[in-house]
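Engineer: Shown below is the structure under consideration.
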């Protein structure tokens, strides 16, 4: 079951988030929707992002794949070089750099899509947002609904409604 509370400003929405956290809801139970980006004070809805670590790992992985690809290509192809070195860093540095950046870009894209929820096939209902309204959606059990409703009312919700899961 999902409850939805509509707020007119970010201060009352932040107060509602604090109230819900105090009642016992986790950040995974709470979603915030708005027609424009909202920056809450630090600690209101903490959701740690692992995007920076993931992007660096993706970039290093692609760089190592590029080094392996270049090494394999240059050493597995019978080429007469006339005594010149077979592997030249200056000639392959561009390939290393470009594939490293490709890895960082692709990893950033996938991580962004995952963390934003666009890759997940969720059945959670998405509310229709009016301009200037901040909507807080809470996933709760039926016995927690009254507690969540009271927390939203204390924070000054303009409208509180129950949302059904689409089948």
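In our numbering, the protein residues as written are 141 to 307. Yeah, the Cβ is synthetic: ideal placement off N, Cα and C, and Gly gets one too.
1) With respect to the beta strand (DSSP E) encompassing residue 302, which residues constitute its N-terminal and C-terminal limits?
2) In three-state terms, what does DSSP make of residue 279?
3) By Cβ distance, which residues of its chain are closer than 6 Å to residue 155, with the 5 residues on each side in sequence left out?
4) Using the beta-carbon count (16 or more within 10 Å), is residue 196 buried or exposed?
5) Can you tell me whether DSSP reads residue 158 as helix, strand or coil?
6) DSSP on residue 212, reduced to helix/strand/coil?
7) Can you tell me which of the three DSSP states residue 289 falls into?
8) If you run the structure through DSSP and keep just helix, strand and coil, what is residue 256?
9) Which stretch, first to last residue, makes up the beta strand (DSSP E) that contains residue 220?
10) List the endpoints of the continuous beta strand (DSSP E) containing residue 170.
11) May I have the straight-line CA-CA distance separating residue 300 from residue 293, to the nearest angstrom?
12) Does DSSP classify residue 144 as helix, strand or coil?
Structural biologist: In this structure, then:
1) For this step, residue 302 is matched to residue 162 along the chain shown. 299-303 is the span of the beta strand (DSSP E), which, as asked, contains residue 302.
2) Here residue 279 refers to the residue found at position 139 of the chain shown. DSSP places residue 279 in strand when its eight states are reduced to three.
3) What you label residue 155 is simply residue 15 of the chain shown in a count that begins at 1. Once the five neighbours on either side are set aside, the close Cβ partners of residue 155 are 295.
4) Residue numbering aside, residue 196 sits at position 56 when the chain shown is read from its first letter. The residue in question, residue 196, is exposed, as its Cβ has fewer than 16 Cβ neighbours within 10 Å.
5) To locate residue 158, count along the chain shown from 1; it is residue 18. In this structure, residue 158 counts as helix in the three-state DSSP scheme.
6) The residue given as residue 212 occupies position 72 in the chain shown. Three-state result, residue 212: helix.
7) Position 149 of the chain shown holds residue 289. Note: residue 289 maps to helix in three-state DSSP.
8) Indexing the chain shown from 1 puts residue 256 at position 116. Three-state result, residue 256: helix.
9) Taking the chain shown and counting its residues from 1, one reaches residue 220 at position 80. Element bounds for residue 220: n/a, residue is neither H nor E.
10) Taking the first residue of the chain shown as 1, we reach residue 170 at position 30. Counting along the chain, the beta strand (DSSP E) containing residue 170 begins and ends at 170-174.
11) Working through the chain shown from its first residue, we reach residue 300 at position 160. Working through the chain shown from its first residue, we reach residue 293 at position 153. Near 8 Å, if we compare the C-alpha coordinates of residue 293 and residue 300.
12) One-based indexing of the chain shown puts residue 144 at position 4. In the structure shown, residue 144 sits in a strand (DSSP, three-state: E or B).
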